[in-house]
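Working notes, beginning with the structure itself.
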Amino acid sequence: MKLDNATILKLAEHLENAELQAKDVTKITDDYPDMDWDDAYAIQDEIRRRKEARGNKVAGLKCGLTSFAKMKQMGVETPVFGFVADYMSRPDGGEIKHAELIHPKVEAEICIVTKAPLKGPGCHVGTVMAAVDFVLPAVEIIDSRYRDFKFDLKSVIADNTSSSRFVIGGNMRNLDELDLRTLGVVLEINGEIKAMAAGAAVLGHPLAAVAMLANHLGARGQEIPAGTFIMTGGVTEAIAVNPGDNVNVRFQDLGSVSMRFV
């Protein structure tokens with residue numbers, strides 16, 4: 001690590017305030033160009049501690065930049081990992097206040113809940129398959145706190161991978177009833193198709209993202225507990241939304257997820 005603890009605390013407060021106040025900031029590596037990956041995750045961990053100290057709960061873990069479309073869109077080659085908090089959840093078919101966000105975008109996500117703990121190193125897709133309780137659909141609303149979406153990977157990690165809101169659909173299925181690689185997804189805004197993809201867009205198999213998450217945590221002496229909700233990453237590229245937009249995402253064999261921005 002290159003940053004001292006006081007700097008990590010300061011940057012965590014800076015980025016979390018940007019999230020909670022919906023005010024954009026410049027990427028933190030502009031001022032701290034020597035910060036490393038451990039620094040970035042330490043800042044994210046401190047943001048998590050700040051939320052938990054306020055009484056918020058971690059609602060799940062998330063994998064970011066896992067689809068080839070998103071990697072190309074963001075010009076990166078490495079997935080990132082973060083978390084979502086309880087207050088970020090919105091009901092299926094409900095409203096999301098656009099003014100509480102900076103420049104939100106929506107992306108479709110294939111999600112799982114675990115029935116057994118997962119811990120790396122050495123976790124792979126087969127390990128994850130054995131630990132999956134059920135699969136369910138969701139839409140994540142990402143909202144980078146960085147001005148004009150100008151950021152690098154370390155800044156994104158520190159900013160908790162742009163987490164802001166998420167909506168979980170009502171349908172869940174057993175893993176053995178699905179082929180996650182060929183599971184089709186159609187994202188519509190105001191009735192117009194904006195993106196289409198299949199589960200294989202996420203690293204060839206959505207559960208590969210979960211295995212990478214488990215190995216990432218394992219390297220830090222942590223594990224994924226049983227009963228954890230995990231977002232495997234955007235199947236589609238992220239699509240910007242505006243006030244008045246109605247979003248509906250249809251998932252093959254998993255139903256649909258919808259929301260309205262007001």
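Numbering (the UniProt record's numbering), first residue to last: 1 to 262. For every residue, glycine included, the Cβ atom is placed at its ideal position computed from N, Cα and C. Quick caveat, the model's predicted, so the values are computed rather than measured.
Extent of the continuous beta strand (DSSP E) to which residue i belongs
i: residue 92; result: That residue, residue 92, is in no beta strand (DSSP E); it is neither H nor E in DSSP.
i: residue 188; result: 184-189
i: residue 99; result: Run containing residue 99: none; DSSP gives neither H nor E here.
i: residue 26; result: Segment: none, residue 26 is in no beta strand (DSSP E) and carries neither H nor E.
i: residue 229; result: 229-234
Assigned exposure category for residue i - 16 Cβ within 10 Å defines buried
i: residue 80; result: buried
i: residue 246; result: exposed
i: residue 35; result: buried
i: residue 62; result: buried
i: residue 44; result: buried
i: residue 20; result: exposed
i: residue 140; result: buried
i: residue 165; result: buried
i: residue 1; result: exposed
i: residue 75; result: exposed
i: residue 145; result: buried
i: residue 160; result: buried
i: residue 220; result: exposed
i: residue 112; result: buried
i: residue 39; result: buried
i: residue 49; result: exposed
i: residue 55; result: exposed
i: residue 241; result: buried
i: residue 82; result: buried
i: residue 214; result: buried
i: residue 249; result: buried
Per DSSP, the bridge partner or partners of residue i
i: residue 192; result: 189
i: residue 246; result: 260
i: residue 118; result: 224
i: residue 139; result: 108, 167
i: residue 67; result: 202
i: residue 254; result: The partner list for residue 254 (beta bridge, DSSP) is empty, contrary to what the question assumes.
i: residue 81; result: 63
i: residue 113; result: 134, 229
i: residue 58; result: 85
i: residue 240; result: 105
i: residue 197; result: 185
i: residue 173; result: 135
Alpha helix (DSSP H) segment containing residue i, residue limits
i: residue 10; result: 5-21
i: residue 35; result: Premise fails: residue 35 is in no alpha helix (DSSP H) and is neither H nor E.
i: residue 129; result: 125-131
i: residue 155; result: 153-158
Nearest-angstrom Cβ-Cβ length linking residue i and residue j, presumed shorter than 8 Å
i: residue 226; j: residue 115; result: 6 Å
i: residue 131; j: residue 231; result: Going by Cβ atoms, the distance from residue 131 to residue 231 rounds to 16 Å, so no, they are not a contact pair.
i: residue 47; j: residue 15; result: 6 Å
i: residue 173; j: residue 199; result: At roughly 13 Å, the Cβ-Cβ gap does not stay under 8 Å, so residue 173 and residue 199 are not in contact.
i: residue 155; j: residue 27; result: 4 Å
i: residue 178; j: residue 135; result: 6 Å
i: residue 143; j: residue 103; result: 7 Å
i: residue 65; j: residue 158; result: Rounded, the Cβ-Cβ distance is 14 Å, inconsistent with contact.
i: residue 53; j: residue 84; result: That pair is no contact at about 17 Å.
i: residue 224; j: residue 118; result: 4 Å
i: residue 95; j: residue 260; result: 5 Å
i: residue 88; j: residue 163; result: 6 Å
i: residue 120; j: residue 9; result: Incorrect: roughly 28 Å between the Cβ atoms, too far for contact.
i: residue 129; j: residue 183; result: Not a contact, Cβ separation roughly 15 Å.
**OP:** Decide if the segment 255-262 is in contact with the segment 154-173; the criterion is three or more beta carbon pairs, one per stretch, under 8 Å apart.
**Re:** Touching, yes, given that three or more Cβ pairs across the two stretches are closer than 8 Å.
Original post:
Is the segment 148-157 in contact with the segment 122-131, if contact means three or more CB pairs nearer than 8 Å?
Top reply: Here the segment 148-157 makes no contact with the segment 122-131; the two share fewer than three CB pairs at distances below 8 Å.
Original post:
If you pair each beta-carbon of the segment 234-242 with each one of the segment 103-117, do three or more pairs fall below 8 Å?
Top reply: Judged by Cβ distances under 8 Å, the segment 234-242 makes contact with the segment 103-117, as three or more pairs qualify.
Original post:
Are there three or more Cβ pairs, one per stretch, closer than 8 Å when the segment 203-211 is compared with the segment 185-194?
Top reply: No, because fewer than three Cβ pairs between the segment 203-211 and the segment 185-194 fall closer than 8 Å, the two stretches do not touch.
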